[in-house]
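Which chain is which? The protein sequence lines are A and B, in order. For the first sequence, position 213 matches number 213 in our numbering, and the numbering has no gaps at all. For the second sequence, position 202 matches number 202 in our numbering, and the numbering has no gaps at all.
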Amino acid sequence: MINPINLAFNNAKEEKRPALLTYTVAGDNTKKKSLQILKSISKDVDICEIGFPHNTPIADGGQIQTSAYRALKNGLKISDVFEIVKDFKKSKNSKPVILMGYYNMIYQYGENNFIKKCKSSGVNGLIVVDLPWPENKGFAKKCETKAISFVQLLSPTTSKERLKNIIKDSHGMIYYISMLSTTGGKLKVSPKQILKNYNKIKKIDPKKNCVIGFGITEKTIAKLRSADGLVVGSAICKEITRSLNNRQNPVTNVSKVVAKLRNKIL
Amino acid sequence: MKLKKKIPLIDQHDKFGFWGGKFGGSYIPETLKKPVDDLTKEFSKLRKNKSFIKKRDFYFNNYIGAPTRFIKLENLTKHLGGAQIWAKVVSDANGGAHKIYNATVHALLCKSMGKKYIVGDTGAGYAGKMLSMAAKKFGLKCKIFMGAKDIKRQKPNCDAMKKNGAEIVPVITGSQTLVDAVSECMRYWVSNCDTTHMCVGSTVGPNIFVKICGWSTAQISRELKKQIKIQFKKIPKKIKLINCVGGGSSAYGFWSEFIDFPKSQIELVGVEAGGPKNSKLHAAPLSRGAKLGVLHGAASYVCQNNEGQINETESISAGLDYPGVSPIHCFLKDTKRARYTYATDEDALNAYKLVTKFEKLNPSLEPSHAFAEAIRIAPSLEKDTVIIVNSCGDAKKDRDILKKRLGKRI
Chain A
1 MINPINLAFN
11 NAKEEKRPAL
21 LTYTVAGDNT
31 KKKSLQILKS
41 ISKDVDICEI
51 GFPHNTPIAD
61 GGQIQTSAYR
71 ALKNGLKISD
81 VFEIVKDFKK
91 SKNSKPVILM
101 GYYNMIYQYG
111 ENNFIKKCKS
121 SGVNGLIVVD
131 LPWPENKGFA
141 KKCETKAISF
151 VQLLSPTTSK
161 ERLKNIIKDS
171 HGMIYYISML
181 STTGGKLKVS
191 PKQILKNYNK
201 IKKIDPKKNC
211 VIGFGITEKT
221 IAKLRSADGL
231 VVGSAICKEI
241 TRSLNNRQNP
251 VTNVSKVVAK
261 LRNKIL
Chain B
1 MKLKKKIPLI
11 DQHDKFGFWG
21 GKFGGSYIPE
31 TLKKPVDDLT
41 KEFSKLRKNK
51 SFIKKRDFYF
61 NNYIGAPTRF
71 IKLENLTKHL
81 GGAQIWAKVV
91 SDANGGAHKI
101 YNATVHALLC
111 KSMGKKYIVG
121 DTGAGYAGKM
131 LSMAAKKFGL
141 KCKIFMGAKD
151 IKRQKPNCDA
161 MKKNGAEIVP
171 VITGSQTLVD
181 AVSECMRYWV
191 SNCDTTHMCV
201 GSTVGPNIFV
211 KICGWSTAQI
221 SRELKKQIKI
231 QFKKIPKKIK
241 LINCVGGGSS
251 AYGFWSEFID
261 FPKSQIELVG
271 VEAGGPKNSK
281 LHAAPLSRGA
291 KLGVLHGAAS
301 YVCQNNEGQI
311 NETESISAGL
321 DYPGVSPIHC
331 FLKDTKRARY
341 TYATDEDALN
351 AYKLVTKFEK
361 LNPSLEPSHA
371 FAEAIRIAPS
381 LEKDTVIIVN
391 SCGDAKKDRD
401 ILKKRLGKRI
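As structure tokens, this is what we get:
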């Protein structure tokens, strides 16, 4: 059986567009609302990244920090994250789910337990921000045996030698961090430069699906449309914050933003 | 899990950077892999380079002012009527605390890597103050990340940082203390690692920062070992080296030369911050049984909940107010080479009162935690036992807190 994440990329390729990946924080701003948001945007999204919030996020910028703190303040637990995924995966337009977070939460849960729970909830992939290669080899292997895709991260500082090694050990999908930044920083590198680096990665192994993330917004997404996939996170978290501040419904507002993003890459 | 002899503790880790197979490591985002690797290579090269060592020693002697004094606290000893109490007055160092060693070495590293910007975190403000001093001395542009709560309670050090031309970035997330300052500093480094060097203010963080800091503060025990030999002709039979532990940089520096000695001869005692007497919050992961976790790029015992969220901490001492601790102290704890305990805010204040009443010494609230333990155990010990407390910081920075809590002007 083909991996649902790969299938999502294949579908997008058939439509001659990049896959659209969104990132939202589980429980932002409540468990119920975050599930509604997922269900509402999923018709326009190819893969949903869902963050499990941590209160000491060393690689996230202000927008995602705000979302994470909001979810935690409303009492979100890791068991809620799995329930959200489970519920979402049962819904009509459900899409492949990649959980994203920091290693300490997996560590406390127990690596094996965490992967087991991922499997039973319907999680398809994992991104662990602070577990780089080669330290992640063992954990990635464990994921592989349960058919969960462990997504390796690459950055502009990753050396050529390292790129090769990481790509060799990667599963179906890899994630290229567009620039030196925490999430949600202003795009300080030209899309041309980003694609140049992206193409270097693709050259090493054209078969792996490579997505680009960090700093992607409505303004910049069209210029990067030649990539296999594009991730938008902070721009969505920002929209949730804006909606809450204006006492508007984040579900409808976020859905509009996601629909616009999709239109830009069609 | 076992300690090796004749190898500095900072080097007793495996290829992934773990001490005892599970403490430390480098849990960092991919973007930081290269700058961390570069720094690792540079440091391992420079520490073997004779002219770099010469340069370091030159600045340690002429800029920091080595050695700091080793003195007997005669009056306090007499008052307590038990073991002899001595102090290594590390607060004699330029700037008033041990943080200057690490800051100076990082500034030298930064220069040799050709970077012009240096950033650092600070809790009590000493790490920040010293980094701003070293940056000024070596012509680097400096940014200091500091929790908003700490900026308020450690104003004298903030004034010093500004005077040295550093920019203080207030951190308003989370508990607004050291833990958030370190996170924000790491985030800044993720975004600017191509031009900027990061100094972690204690023996915490990814493996290489633990090593650099420990290598720097080890100066304290090199001096002390010589001073003990001069004072006592040989190393006495019963010594207790008492040090406060937040991140654990001064404690490691104070102990490093003595780790190979038998425990029965030289006991190592670390004192953590127990927080206010009746509070549930504390900053004592080692002595109050916190679980192993990953914080700021390393695995160590961390104050956290079952889900792995980091707990808020509380201590009168900003320098000890941190939920994690150095992986090397976790290693020393689990190998039972060092003993860890805690003192409450009140214990530390009482110790401060007693020490300043009897001695011409003005220890900050951090070493006052160590003095609290010394005062507690000294009366029941024999006169031939030598207790040495690392008085690693000066209380000038604490004047507002001391005035409020003790009504005392210092």
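We treat Cβ as the ideally placed atom computed from N, Cα and C, and that holds for glycine. In this text, all values refer to a predicted model and were calculated from it rather than measured experimentally.
Distances from the CA of residue 157 of chain A to each of B/35, B/103, B/313 were compared; the closest alpha carbon is that of B/35.
The alpha-carbon of residue 3 of chain B is positioned some 10 angstroms away from that of residue 336 of chain B. Cβ proximity to chain B below 8 angstroms picks out 54, 55, 56, 57, 58, 59, 60, 61 from the stretch 33-63 of chain A. Taking the Cα positions, residue 261 of chain A is about 22 angstroms away from residue 60 of chain A.
Counting C-beta atoms within 10 angstroms of its own C-beta, residue 65 of chain B has fewer than 16 neighbours from the protein chains shown and is therefore classed as exposed. By the Cβ test, the stretch 139-152 of chain B is in contact with the stretch 174-185 of chain B, since at least three Cβ pairs between them sit closer than 8 angstroms.
With a minimum length of 4 residues, the unbroken runs of alpha helix (DSSP H) contained wholly in the stretch 9-90 of chain B fall at 30-46, 50-59, 74-80. For residue 340 of chain B, none of the residues of chain A pass the 8 angstroms Cβ criterion, the least Cβ distance being about 22 angstroms. When 7 angstroms is used as the limit between beta carbons, residue 105 of chain A is near these residues of chain B: 307, 308, in chain order. Per the C-alpha coordinates, the member of B/113, B/111, B/116, B/154 positioned closest to residue 128 of chain B is B/154. Chain B has a Cβ within less than 7 angstroms of the Cβ of residue 130 of chain A. Annotation: the continuous alpha helix (DSSP H) that includes residue 108 of chain A extends over 103-109. 7 angstroms or more divides the Cβ of residue 166 of chain A from the Cβ of residue 208 of chain A.
A direct Cα-to-Cα measurement between residue 230 of chain B and residue 70 of chain B gives close to 11 angstroms. In the structure shown, residue 135 of chain A adopts coil according to DSSP, grouped into three states. Taking each of B/312, B/256, B/306, B/265 in turn and checking the Cα distance to residue 76 of chain A, the smallest one comes out for B/306. Per DSSP, residue 204 of chain B lies in no beta strand (DSSP E) segment and is marked neither H nor E. Only residues of its own chain outside the window of five on either side were considered, and among them 27, 29, 30, 31 have a CB closer than 8 angstroms to the CB of residue 74 of chain A, listed in chain order. Residue 153 of chain B sits in a helix when the DSSP states are folded into three classes. In this chain, the alpha helix (DSSP H) harbouring residue 237 of chain A covers 234-245. Considering only A/145, A/106, A/120, A/56, the residue with the shortest C-alpha distance to residue 128 of chain A is A/106. In chain order, 157, 180 make up the part of chain A whose C-beta sits under 8 angstroms from the C-beta of residue 194 of chain B. For residue 193 of chain A, the nearest beta carbon of chain B is not closer than 7 angstroms to its own beta carbon.
Within the model, the alpha-carbon separation for residue 221 of chain A versus residue 59 of chain B is close to 52 angstroms. Residue 337 of chain B sits in coil when the DSSP states are folded into three classes, being neither helix nor strand. Short of 7 angstroms from the beta carbon of residue 227 of chain B, and not among the five residues preceding or following it, lie these beta carbons of its own chain, in chain order: 67, 70.
According to DSSP, residue 142 of chain B shares a beta bridge with B/118.
Sixteen is the threshold: when 16 or more other Cβ atoms of the shown chains lie within 10 Å of the Cβ of residue 71 of chain A, as they do, the residue is buried.
Taking 7 angstroms as the CB threshold, residue 322 of chain B stays off the interface with chain A. Rounded to the nearest angstrom, the Cβ distance from residue 391 of chain B to residue 88 of chain B is 7 angstroms, consistent with a contact under 8 angstroms. Taking the C-beta atoms as reference points, residue 43 of chain A is found nearer than 7 angstroms to residue 93 of chain A.
Residues of the stretch 289-305 of chain B whose Cβ lies closer than 9 angstroms to any Cβ of chain A, in chain order: 291, 292, 293, 294, 295, 296, 297, 299, 302, 304, 305. Counted as a single uninterrupted DSSP element, the beta strand (DSSP E) harbouring residue 173 of chain A occupies residues 173-177. For residue 183 of chain B, the nearest beta carbon of chain A is closer than 7 angstroms to its own beta carbon. Closest option to residue 194 of chain A, judged by alpha-carbon separation, among A/227, A/95, A/52: A/227. The beta carbons of residue 372 of chain B and residue 387 of chain B sit about 12 angstroms from each other, so the pair does not count as a contact at 8 angstroms.
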